[in-house]
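Student: First the structure, which I've put down as C-alpha cells, then a few questions once you've had a look.
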Amino acid sequence: MESPVLQPPVATVKTVGKTGVLLVNLGTPDSPSVPDVRKYLREFLMDGRVIDIPYIQRFFLINGIIAPFRAPKSAKVYKQLWSETGSPLKYYGNVVERELQHVLGNDYVVKLAMRYQSPSIQAGLDEFQQLGLRDIVVVPFFPQYASASTGSVYEKVMDIVKSWQVIPAVRFINRFLEHPKFIEGFVQLGRKYMTTYEYDHIIFSYHGLPERQITKGDVAHTVCQFGTCCESFHAQNQHCYRAQCFETTRLLVRELGIPEGKYTTCFQSRLGRTPWIKPYTDDVIRELGAKGIKSVLAFSPSFVADCLETTIEVGVEYKELFEASGGKHWQLVESLNDNPLWIETLVDLVKTA
Numbered sequence: 003m004e005s006p007v008l009q010p011p012v013a014t015v016k017t018v019g020k021t022g023v024l025l026v027n028l029g030t031p032d033s034p035s036v037p038d039v040r041k042y043l044r045e046f047l048m049d050g051r052v053i054d055i056p057y058i059q060r061f062f063l064i065n066g067i068i069a070p071f072r073a074p075k076s077a078k079v080y081k082q083l084w085s086e087t088g089s090p091l092k093y094y095g096n097v098v099e100r101e102l103q104h105v106l107g108n109d110y111v112v113k114l115a116m117r118y119q120s121p122s123i124q125a126g127l128d129e130f131q132q133l134g135l136r137d138i139v140v141v142p143f144f145p146q147y148a149s150a151s152t153g154s155v156y157e158k159v160m161d162i163v164k165s166w167q168v169i170p171a172v173r174f175i176n177r178f179l180e181h182p183k184f185i186e187g188f189v190q191l192g193r194k195y196m197t198t199y200e201y202d203h204i205i206f207s208y209h210g211l212p213e214r215q216i217t218k219g220d221v222a223h224t225v226c227q228f229g230t231c232c233e234s235f236h237a238q239n240q241h242c243y244r245a246q247c248f249e250t251t252r253l254l255v256r257e258l259g260i261p262e263g264k265y266t267t268c269f270q271s272r273l274g275r276t277p278w279i280k281p282y283t284d285d286v287i288r289e290l291g292a293k294g295i296k297s298v299l300a301f302s303p304s305f306v307a308d309c310l311e312t313t314i315e316v317g318v319e320y321k322e323l324f325e326a327s328g329g330k331h332w333q334l335v336e337s338l339n340d341n342p343l344w345i346e347t348l349v350d351l352v353k354t355a
C-alpha cells in the first residue's frame, strides 16, 4: 500500500499595516482676503505644469502682472462663493474624507490634501510616513487626466517621497471618467432637473487647457488635430484631455437619452491670449442665443466639488451671458460634492487601485 502524499501546509498571509488614502483636489485660498488669494494664485500659477513656459518668464508674469492685478478681482468673486462653512471645495472635501474613512474602516487612513495651499500634500504624506503604512493610494479628484492637474499631483507626491529612506508601494488613480458610479452620480443630478423642465439644449462645460499642452501630450505626433480626432475614444487618444472630455459627454448623453443636436461639449476658464481648446463655452452660449435657444441645462463634469468655476463661472456669469444673449432659463447641475454615489466611486477606486 502506497503511503499517502503529504501536501505542504497552506501558508497564511497576515496583512501587516494599513493603507493610506490621499485624496487630492486642486486647492482654494485659506480665506477670500486679497493676501490669501494672492498667495494661492502665486502657488497655483507658478506650477510649471499649469503655465508651461520657462521659469524666468513665468516668475515675472505671475509675480509682476497676474497675481498683483488679478488677486483683488478674484477676492471679490471668492467672497461671493464663501459661506459660513468656508470654501465649498474644502468643505465637501472634508465631508468626503470623513465619509470615506467611515466606509473603508480601520484598515485605511484617509487624508484630504490640496495641490495648492492647505491641507498640503506634504502634511498628509508626512503623517503617512510617521504611521509606517503598508502602501499609499493617491486619488486626484480629476475625472479626466491632464498634465496641469493629475500630472501635477503625481509630480508633487513623487518629489516628496523620493527622499524617504523607506518608500511604501504608491499607487495612483489616473482617471475615472468611465467609472459607472461616477457617471450615474451626474446622471441622477441631471435627471432631477430634466424631469421637471424641458430644456432646449444641454451644455457640458469642462475646464479648458492651452492647445500647446494637448499637443505636447501627443508624443507620437500623429493623433491630435483639435477636431475629428475626438469623435471616438481609443488607445491612441486615451491620454488626451480633450478626447477624455468628449468621451465623458458621450457616456452621460447615452445614459440621459439626449438626442444628437441637443447638446454641446465646450471648454471654459481660459487665461491669456494663446489658443485654448475649443469650442469656448462663452462663444457657444452666444451662438445658442443667436439661434433662439431659450433654456439650457449646464453640466460641469470635470469638477467633483462645487467651486469658483462651477458655482460662480457657470452658475452666475454664464447665466448672465445667456440672458444677455436672449436666453430665458439657465440651470447649473451641481457637482457630486458628498453624493453617496461619489463615495461609492471612491471606495471602488481605492480597493481596485
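Residue numbering for the sequence shown follows this note's numbering, starting at 3 and increasing by one per position.
Beta carbons: idealized from backbone N, C-alpha and C, even for Gly.
If you compare alpha carbons, which of Gln215, Phe184, Ile295 is closest to Leu348?
Tutor: The candidate whose alpha carbon is nearest that of Leu348 is Phe184.
Student: Can you list, in chain order, the residues of its chain with a C-beta nearer than 7 Å to that of Ile216? Leave out the 5 residues immediately preceding and following it.
Tutor: So the qualifying residues of the chain are Cys226, Cys242, Tyr243, Arg244, Ile279.
Student: Tell me the DSSP bridge mates of Ile138?
Tutor: DSSP output for Ile138 lists Gly22, Val172 as bridge partner(s).
Student: In or out: Trp332 buried (at least 16 other Cβ within 10 Å) or exposed?
Tutor: It counts as buried.
Student: Nearest-angstrom Cα distance between Ile260 and Leu47?
Tutor: So the alpha carbons of these two residues sit roughly 37 Å apart.
Student: Quick one: what does DSSP say Ile185 is sitting in, helix, strand or coil?
Tutor: Reduced to three states, the DSSP call for Ile185 is helix.
Student: Kindly indicate which three-state DSSP category Leu8 falls into: helix, strand or coil?
Tutor: Note on Leu8: pLDDT 49, under 50, position unreliable in the model; no value is reported.
Student: Does the region 157–164 come close enough to the region 307–323 to have 3 or more Cβ pairs within less than 8 Å?
Tutor: Flag = no, the region 157–164 and the region 307–323 do not touch.
Student: Below 8 Å CB to CB, which residues in the same chain sit around Lys20 once its five sequence neighbours on both sides are set aside?
Tutor: Here the set comprises Asn108, Asp109, Tyr110, Val111, Leu133, Leu135, Arg136.
Student: Which residues mark the beginning and the end of the alpha helix (DSSP H) in which Ala292 is found?
Tutor: Run containing Ala292: 283–292, per the alpha helix (DSSP H) assignment.
Student: On a Cα-Cα basis, can you pick out the residue from Gly329, Ser122, Arg44, His209 that is closest to Ser271?
Tutor: Of the candidates Gly329, Ser122, Arg44, His209, the one whose C-alpha sits nearest the C-alpha of Ser271 is His209.
Student: Would you check if there are 3 or more beta carbon pairs closer than 8 Å linking the region 39–46 to the region 142–155?
Tutor: At 8 Å Cβ cutoff, the stretches do not touch.
Student: Does DSSP put Cys268 in a helix, a strand or coil?
Tutor: Cys268: strand per DSSP, three-state reduction.
Student: Please say whether Leu25 and Glu86 have beta carbons closer to each other than 8 Å?
Tutor: No, these two residues do not count as a Cβ contact at 8 Å.
Student: Should Val286 be listed as close to the ligand ADP, given that the test is whether its C-beta is under 7 Å from any heavy atom?
Tutor: Ligands in the displayed structure: none, and consequently the ligand ADP is not present.
Student: Run through DSSP, which three-state label would Gln119 get?
Tutor: Gln119 falls in the coil class under three-state DSSP.
Student: Return the CA-CA distance between Gln190 and Val168, expressed in angstroms with no decimal places.
Tutor: About 44 Å.
Student: Can you tell me whether Val52 is helix, strand or coil according to DSSP?
Tutor: Val52: coil per DSSP, three-state reduction.
Student: What's the C-alpha gap between Gln124 and Gln238?
Tutor: For Gln124 and Gln238, the distance between alpha carbons rounds to 34 Å.
Student: Between Val286 and Ser302, is the Cβ-Cβ spacing less than 8 Å?
Tutor: No. Outside cutoff.
Student: Less than 8 Å between the beta carbons of Ser297 and Asp202, yes or no?
Tutor: Yes, the pair counts as a contact, with Cβ atoms nearer than the cut-off.
Student: Would you mind sorting Trp166 into buried or exposed? The rule is 16 or more other CB atoms within 10 Å of its CB.
Tutor: By the neighbour-count rule (16 or more Cβ atoms within 10 Å), Trp166 is not buried but exposed.
Student: On the CB-based measure, 16 or more other CB atoms within 10 Å of its CB, does Ala171 come out buried or exposed?
Tutor: When all chains shown are included, Ala171 counts as exposed.
Student: Quick test of your reading: Val139 and Val352, contact by CB under 8 Å. State the CB separation rounded to the nearest angstrom.
Tutor: Between Val352 and Val139 the Cβ distance is about 5 Å, and since that is below 8 Å, they are a contact.
Student: Would you call Gln82 buried or exposed, if buried means 16 or more other Cβ atoms sit within 10 Å of its Cβ?
Tutor: The residue is exposed, with fewer than 16 neighbouring Cβ atoms inside 10 Å.
Student: Verify whether the separation of the beta carbon atoms of Leu102 and Thr30 is less than 8 Å.
Tutor: It is not a contact, given that the beta carbons lie outside the stated cut-off.
Student: In terms of DSSP beta bridges, what is Lys113 paired with?
Tutor: According to DSSP, Lys113 bridges with Leu24.
Student: How many angstroms separate the CA atom of Ala77 from the CA atom of Val36?
Tutor: Roughly 5 Å between the two C-alpha positions.
Student: Take Leu343 as the anchor and find which of Pro277, Ser207, Val79, Phe188 has the nearest alpha-carbon.
Tutor: Measuring from the Cα of Leu343, the nearest candidate turns out to be Phe188.
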